[in-house]
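If you read the sequences in order, they're chains A and B. Going by our numbering, the residue at position 112 of the first sequence is 94; the numbering climbs one at a time, nothing skipped. Just add 1303 to the spot in the second sequence (first one is 1) and you have our numbering. One structure is given here, and the rest of the page talks about it.
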Amino acid sequence: DTGVSQDPRHKITKRGQNVTFRCDPISEHNRLYWYRQTLGQGPEFLTYFQNEAQLEKSRLLSDRFSAERPKGSFSTLEIQRTEQGDSAMYLCASSPGAGVTYEQYFGPGTRLTVT
Amino acid sequence: QKEVEQDPGPLSVPEGAIVSLNCTYSNSAFQYFMWYRQYSRKGPELLMYTYSSGNKEDGRFTAQVDKSSKYISLFIRDSQPSDSATYLCAMSAGTGRRALTFGSGTRLQVQP
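So this is what it looks like as C-alpha cells:
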C-alpha cells in the first residue's frame, strides 16, 4: 500500500494523559498536513510541514499540541494533558512538492477518545 | 457564518439517479476546489480537483465551479449504492497558503 498511513488507528486515553500519533506520507510527497475532524463536521486544519519545516499553524493548535517532522519523512502529533474536547478523528494528509498543486491525499485517520 | 456552507443532508436517491451536490463559499480568494468522498470512520478520498471556474469530468463525476456566484457543484451520474457516503467540498486560496477549508459534508444515500 503506497498511500498515507497513520498509527494507531484508535486510541482511548484518560483525561490528563499524553498521546502521540504517527503519520507516514506517500513517498516522494514533501508536504504533510494535520487536520482534526469531529462528528458531523469537515476536517479542520491544524498544521503543515514542507520537508522538516513547520510553515503553518492554526489557532486550533493550542500549546498542548505539538507536531514534528524531524527528517522530512514521517511526522508525529503529540497532545499533552488531554481533555475530553480533544476527542476527534486526527487526519494526516500529504501532497507532492513539485508544481502548483493544492490537492491533498488523506490517510485513514486516528480516532481519539478521551474518557 | 462559515466560509464554506454545505447542506448536511441526508440526501436519499434511487439507484441510477443523477445526484447534485453543492457548496457555497464567501471568500472570493478561493481558486482551487476539491471534492472528497468519505465513508463512515474512514479518511477522505480525493475525487475531483479543479482550478478556477469551469467544468471537469471524470467518469461518472462532473465538477463545476462558478466563481462569479461563489458556488461549486458535483454531479454523479448513474448513482450506485456504493456511492453512499459523505461528500466534502474543500477549497484553497493558493498563493502559497496550503490549508484547505472544508464544508461540513453532505451525506448521500443511494437506495438499491
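Think of the CB as a built atom: it goes at the ideal place given N, C-alpha and C, for glycine as much as any other residue.
Reference residue i, options the options, closest by Cα
i, options, result
"A:Arg(-3)", "A:Gly89, A:Tyr72, A:Gly67, A:Met71", "A:Gly67"
"A:Asp45", "A:Arg63, A:Asn12, A:Gly54, A:Ser9", "A:Arg63"
"A:Arg18", "A:Phe47, A:Pro7, A:Asn0", "A:Phe47"
"B:Asn1325", "B:Arg1340, B:Gly1397, B:Ser1355, B:Cys1392", "B:Cys1392"
"A:Ser76", "A:Thr20, A:Ile8, A:Ile(-6), A:Ser57", "A:Ile8"
"B:Ala1332", "B:Pro1347, B:Leu1350, B:Trp1338, B:Tyr1354", "B:Tyr1354"
"A:Pro90", "B:Thr1409, B:Asn1330, B:Lys1345, B:Ser1387", "B:Lys1345"
"B:Arg1401", "A:Thr29, A:Thr97, A:Arg93", "A:Thr29"
"B:Thr1365", "B:Gly1397, B:Ser1343, B:Met1337", "B:Met1337"
"B:Ala1396", "B:Asp1361, B:Ser1329, B:Ser1343", "B:Ser1329"
Beta-carbon neighbours of residue i, restricted to chain B and to distances below 8 Å
i, result
"A:Glu38", "Arg1400, Arg1401, Ala1402"
"A:Gly79", "None at all; the shortest Cβ gap to chain B is about 11 Å."
Contacts that residue i makes with chain A (C-beta to C-beta distance below 9 Å)
i, result
"B:Tyr1352", "Thr83, Tyr84, Glu85"
Within chain A, partners of residue i - CB distance below 7 Å
i, result
"B:Tyr1335", "Tyr84"
"B:Lys1345", "Pro90"
"B:Gly1408", "Gly24"
Bridge partners - residue i, DSSP secondary structure assignment
i, result
"B:Pro1317", "B:Gln1414"
"B:Ile1358", "At residue 1358 of chain B the sequence reads Asn, which differs from the Ile that was named. For B:Asn1358, which the question treats as bridged, DSSP gives the partners B:Gln1367."
"B:Val1307", "B:Tyr1328"
"A:Leu42", "Its beta-bridge partners do not exist; DSSP assigns none."
"A:Ile(-6)", "A:Thr95"
"B:Phe1375", "Rather than Phe, the amino acid found at residue 1375 of chain B in this sequence is Ile. Partner(s): B:Cys1326, B:Val1368."
"A:Val1", "A:Ile61"
Within chain B, partners of residue i - CB distance below 9 Å
i, result
"A:Leu73", "Gly1346, Pro1347"
"A:Phe27", "Arg1401, Ala1402, Leu1403, Thr1404, Phe1405"
Under 8 Å from the C-beta of residue i: neighbouring residues of chain A
i, result
"B:Phe1364", "Result: empty, since nearest Cβ-Cβ is about 15 Å, beyond 8 Å."
Task: Three-pair Cβ contact test at 8 Å for the region 46 to 56 of chain A versus the region 1318 to 1328 of chain B - done: Taking 8 Å as the limit for Cβ pairs, the verdict is that the region 1318 to 1328 of chain B does not touch the region 46 to 56 of chain A.
Task: the region 9 to 18 of chain A contacting the region 26 to 40 of chain A, beta-carbon criterion three pairs below 8 Å - done: Touching, yes, given that three or more Cβ pairs across the two stretches are closer than 8 Å.
- [ ] Using a Cβ-Cβ cut-off of less than 7 Å, give me the residues of the region 1369 to 1395 of chain B that come near chain A, in sequence order.
- [x] Residues of the region 1369 to 1395 of chain B with a C-beta atom less than 7 Å from some C-beta of chain A are Leu1391, Ser1395, listed in chain order.
Open item on the list: So, does the region 1306 to 1316 of chain B touch the region -12 to 2 of chain A, judging by three or more C-beta pairs under 8 Å?
Closed with: With the rule of 3 Cβ pairs closer than 8 Å, the region 1306 to 1316 of chain B does not count as touching the region -12 to 2 of chain A.
- [ ] Evaluate the contact criterion for the region 78 to 93 of chain A versus the region 1375 to 1392 of chain B: three or more CB pairs, one atom per stretch, below 8 Å.
- [x] Flag = no, the region 78 to 93 of chain A and the region 1375 to 1392 of chain B do not touch.
Task: Against chain B: residues of the region 10 to 22 of chain A by CB proximity under 9 Å - done: Cβ contacts with chain B: Arg13, Tyr15, Tyr17, Gln19, Gly22.
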